[in-house]
Amino acid sequence: MTEQEKHILHYSFLALGLSVLSVFFVLFRFDTRAQLILAALGSLYYVLWGIIHHALEKRLNRLTIFEYILFGALVFLLIFSVLSL
Amino acid sequence: MAPLLLLASNGAIIFLMSKTLPNHKEYSFKHHFVPHPHHKTRATLLSHSAIFTYLLGIVLIFGSFRLISKTFPGVLGYASDITTQDLLNLTNQKRLESGLTELRINSALSSAAKRKAEDMFKEGYWSHISPSGTEPWDFILRENYDYVYAGENLAKNFNTSKDVVQAWVNSSSHKENIMNKNYEEIGFAVVNGVLDGYETTLVVQMFGKSRTGSYVASAKDENKILESVATVLEDTGLVPDPKNEPIQKQIVIENPVVQPTVDIATASKAIGLVFVIYIVVLLLLDIWYSKRHSIFKLTGHSLAHLSFLMITLVGMLLMMMPGKIL
Numbered sequence: 026m027t028e029q030e031k032h033i034l035h036y037s038f039l040a041l042g043l044s045v046l047s048v049f050f051v052l053f054r055f056d057t058r059a060q061l062i063l064a065a066l067g068s069l070y071y072v073l074w075g076i077i078h079h080a081l082e083k084r085l086n087r088l089t090i091f092e093y094i095l096f097g098a099l100v101f102l103l104i105f106s107v108l109s110l
Numbered sequence: 261m262a263p264l265l266l267l268a269s270n271g272a273i274i275f276l277m278s279k280t281l282p283n284h285k286e287y288s289f290k291h292h293f294v295p296h297p298h299h300k301t302r303a304t305l306l307s308h309s310a311i312f313t314y315l316l317g318i319v320l321i322f323g324s325f326r327l328i329s330k331t332f333p334g335v336l337g338y339a340s341d342i343t344t345q346d347l348l349n350l351t352n353q354k355r356l357e358s359g360l361t362e363l364r365i366n367s368a369l370s371s372a373a374k375r376k377a378e379d380m381f382k383e384g385y386w387s388h389i390s391p392s393g394t395e396p397w398d399f400i401l402r403e404n405y406d407y408v409y410a411g412e413n414l415a416k417n418f419n420t421s422k423d424v425v426q427a428w429v430n431s432s433s434h435k436e437n438i439m440n441k442n443y444e445e446i447g448f449a450v451v452n453g454v455l456d457g458y459e460t461t462l463v464v465q466m467f468g469k470s471r472t473g474s475y476v477a478s479a480k481d482e483n484k485i486l487e488s489v490a491t492v493l494e495d496t497g498l499v500p501d502p503k504n505e506p507i508q509k510q511i512v513i514e515n516p517v518v519q520p521t522v523d524i525a526t527a528s529k530a531i532g533l534v535f536v537i538y539i540v541v542l543l544l545l546d547i548w549y550s551k552r553h554s555i556f557k558l559t560g561h562s563l564a565h566l567s568f569l570m571i572t573l574v575g576m577l578l579m580m581m582p583g584k585i586l
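So, in structure tokens, the structure goes:
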């Protein structure tokens with residue numbers, strides 16, 4: 026498998042996971058609590074995807090992990106803030 | 261002309277005079293928005309410290325929103341443009357369009373609707389039947405409304421009366437209630453409160469045909485009922501005993517709902533949306549500039565971040581959609 030194919034495969038997993046969560050987000054659009062759980066799951070999935078992806082690419086370092094955690098936290102905090110007001 | 265010192269492999273220092281070589285290490289204003297080609301870093305507005313600052317900013321902004329809404333509810337608070345008068349007019353308009361007669365507002369039905377809304381907040385449910393098994397008809401009968409036919413429509417978290425009625429009309433089962441020729445009277449309640457820990461606006465619509473005839477005798481009474489049914493849950497007092505009080509007195513004129521200058525829900529969603537768009541634009545710039553200048557950064561993938569943010573953007577737009585009916 027070429028690097029590009031690996032890259033596509035990894036991104037497919039990201040797209041699939043986020044798409045599934047988005048579908049549930051739509052289904053539970055009137056249930057704030059469920060949406061918060063989905064947002065938390067989405068953020069967690071994203072952080073894990075980032076770590077696994079960079080580890081497989083042998084480019085994982087502390088700063089990269091920190092970056093994914095920051096982005097995951099940013100999105101979750103934003104959704105949490107908007108939903109809870 | 262800028263002097264340039266180079267360290268040769270044998271340790272000798274080579275001194276050069278150059279007019280052309282720029283100082284690559286310096287950050288300029290544009291590096292707030294685009295990656296630095298020499299440092300191989302993201303734009304400073306996307307740096308770790310910047311994102312950490314955004315996190316703190318979000319906590320501060322939304323925290324202050326909560327504080328302001330509690331301290332100055334007239335400035336920043338929960339606003340909904342739902343009035344019982346509009347609900348009545350729009351409901352009757354739909355009936356007239358279908359060749360049906362107008363429904364008359366009824367104090368007992370409005371009171372029952374209000375008690376139902378309050379019960380949902382108190383017991384923490386969103387359903388026609390309460391967890392303890394109380395049915396809509398129980399609320400109606402408690403108001404001494406002896407019905408031949410009765411019905412109930414519910415809505416929550418809508419912003420306008422028009423959206424509420426339109427959502428009901430779009431649903432066949434709710435439309436059936438609105439267009440039911442057996443009904444002669446109607447009652448409404450628009451109540452704000454906290455349901456499942458979240459600020460919620462509940463709308464209860466109750467229909468009926470009384471066995472004994474209408475309680476409303478004049479337009480003046482009708483206006484009085486319409487004024488009284490929009491309320492904030494905090495205003496709720498004890499439920500009057502229907503056996504001891506005449507029906508008309510069961511509806512108490514409540515303090516008017518404070519309409520704030522800025523609606524907190526709309527403001528928070530708008531801020532969230534603008535912020536996500538801002539990050540998306542920065543990431544797009546990052547991808548474009550890195551490709552154009554062949555900058556290979558030792559960071560996470562901007563494309564991955566962008567995908568994640570785009571999904572979030574869709575979610576934010578979804579959160580702006582109006583509420584739910586039951």
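Residue numbers (the numbering used here), protein chains in the order written: chain B, 26 to 110; chain S, 261 to 586.
Ideal placement from N, C-alpha and C gives every residue a C-beta, glycine not left out.
Here's a check: name, in chain order, each residue in its chain whose Cβ is nearer than 6 Å to the Cβ of residue i, leaving out the five neighbours to either side.
{"i": "Ser550/S", "result": "Pro295"}
{"i": "Tyr287/S", "result": "none"}
Using alpha carbons as the reference points, say which of the options lies closest to residue i.
{"i": "Asn404/S", "options": "Arg552/S, Val464/S, Leu369/S", "result": "Leu369/S"}
{"i": "Ser433/S", "options": "Asn413/S, Ala303/S, Thr460/S", "result": "Asn413/S"}
{"i": "Phe556/S", "options": "His299/S, Asn452/S, Phe293/S, His291/S", "result": "His299/S"}
{"i": "Ile400/S", "options": "Ala410/S, Ser392/S, Ile311/S, Ser309/S", "result": "Ala410/S"}
{"i": "Tyr458/S", "options": "Val429/S, Gly384/S, Ala427/S", "result": "Gly384/S"}
{"i": "Trp386/S", "options": "Lys416/S, Leu533/S, His561/S, Asp523/S", "result": "Lys416/S"}
{"i": "Ile328/S", "options": "Thr521/S, Lys529/S, Leu578/S, Gly583/S", "result": "Thr521/S"}
{"i": "Leu102/B", "options": "Asp56/B, Phe53/B, Ser68/B, Glu30/B", "result": "Ser68/B"}
{"i": "Lys31/B", "options": "Ala80/B, Phe50/B, Val72/B, Arg87/B", "result": "Ala80/B"}
{"i": "Phe293/S", "options": "Ser562/S, Lys382/S, Ile585/S, Leu545/S", "result": "Leu545/S"}
{"i": "His308/S", "options": "Arg87/B, Ala64/B, Ile62/B", "result": "Arg87/B"}
{"i": "Pro396/S", "options": "Glu357/S, Leu348/S, Gly447/S, Lys354/S", "result": "Gly447/S"}
{"i": "Ala98/B", "options": "Leu43/B, Leu46/B, Val72/B, His35/B", "result": "Val72/B"}
{"i": "Ser554/S", "options": "Ser358/S, Thr301/S, Tyr314/S, Leu306/S", "result": "Thr301/S"}
{"i": "Ser470/S", "options": "Val408/S, Ser567/S, Asn349/S, Gly334/S", "result": "Val408/S"}
{"i": "Ser567/S", "options": "Val100/B, Phe53/B, Val107/B", "result": "Val100/B"}
{"i": "Ala19/B", "options": "Gly75/B, Ala65/B, Leu108/B", "result": "The displayed coordinates of chain B run from 26 to 110. Any statement about residue 19/B would go beyond what the structure contains."}
{"i": "Leu320/S", "options": "Ser106/B, Thr27/B, Leu34/B", "result": "Ser106/B"}
{"i": "His561/S", "options": "Ala65/B, Leu43/B, Leu85/B", "result": "Leu85/B"}
{"i": "Gln345/S", "options": "Val335/S, Ile318/S, Val463/S", "result": "Val463/S"}
From which residue to which residue does the beta strand (DSSP E) around residue i run?
{"i": "Tyr405/S", "result": "Tyr405/S -> no beta strand (DSSP E), and no H or E assigned at all."}
{"i": "Val451/S", "result": "445-455"}
{"i": "Val464/S", "result": "458-470"}
Beta-carbon separation of residue i and residue j under 8 Å?
{"i": "Thr572/S", "j": "Val536/S", "result": "yes"}
{"i": "Val454/S", "j": "Thr461/S", "result": "no"}
{"i": "His291/S", "j": "Ala310/S", "result": "no"}
{"i": "Asn366/S", "j": "Glu445/S", "result": "yes"}
{"i": "Gly583/S", "j": "Phe312/S", "result": "no"}
{"i": "Arg364/S", "j": "Met439/S", "result": "no"}
{"i": "Tyr70/B", "j": "Leu95/B", "result": "no"}
{"i": "Lys441/S", "j": "Leu360/S", "result": "yes"}
{"i": "Arg58/B", "j": "Asp456/S", "result": "yes"}
{"i": "Ala449/S", "j": "Lys374/S", "result": "yes"}
Please list the terminal residues of the continuous alpha helix (DSSP H) segment that includes residue i.
{"i": "Ala65/B", "result": "57-81"}
{"i": "Gly359/S", "result": "Per DSSP, Gly359/S belongs to no alpha helix (DSSP H) and is neither H nor E."}
{"i": "Ala98/B", "result": "87-109"}
{"i": "Thr313/S", "result": "308-331"}
{"i": "Thr572/S", "result": "562-579"}
{"i": "Gly334/S", "result": "Gly334/S -> no alpha helix (DSSP H), and no H or E assigned at all."}
{"i": "His35/B", "result": "28-52"}
{"i": "Asn430/S", "result": "421-430"}
{"i": "Val294/S", "result": "No alpha helix (DSSP H) holds Val294/S; DSSP gives it neither H nor E."}
{"i": "Lys382/S", "result": "367-383"}
{"i": "Thr526/S", "result": "524-552"}
Take residue i and list the residues in its own chain whose beta-carbon comes closer than 8 Å to its own, dropping the five residues that flank it on each side.
{"i": "Asn437/S", "result": "Gly411, Glu412, Asn413, Trp428, Tyr443, Gln465, Phe467"}
{"i": "Ser528/S", "result": "Phe322, Phe325"}
{"i": "Glu362/S", "result": "Asn352, Arg355, Leu356"}
{"i": "Leu578/S", "result": "none"}
{"i": "His388/S", "result": "Glu395, Pro396, Glu412, Leu414, Leu586"}
{"i": "Ser431/S", "result": "Ile585"}
So, at 7 Å on beta carbons, what are the nonlocal neighbours of residue i in its own chain, with the 5 sequence-adjacent residues on each side left out?
{"i": "Leu569/S", "result": "Val536, Ile539, Val540, Leu543"}
{"i": "Pro391/S", "result": "Glu383, Tyr385"}
{"i": "Phe50/B", "result": "Gln60, Leu63"}
{"i": "Thr472/S", "result": "Asp406"}
{"i": "Leu563/S", "result": "Ile547"}
{"i": "Leu350/S", "result": "Ser421, Lys422, Val425"}
{"i": "Leu108/B", "result": "Thr57, Gln60, Leu61"}
List the whole-angstrom C-beta distance separating residue i from residue j, where the pair is believed to meet the contact cut-off of C-beta under 8 Å.
{"i": "Asp523/S", "j": "Ser421/S", "result": "Contact flag wrong, Cβ pair sits at about 15 Å."}
{"i": "Ala377/S", "j": "Val451/S", "result": "4 Å"}
{"i": "Met581/S", "j": "Leu533/S", "result": "So it is not a contact: roughly 13 Å between Cβ atoms."}
Would you say the beta carbon of residue i comes nearer than 7 Å to a heavy atom of the ligand FAD?
{"i": "Ser567/S", "result": "Absence of the ligand FAD from the depicted structure is noted, as is the absence of any ligand whatsoever, leaving it without description."}
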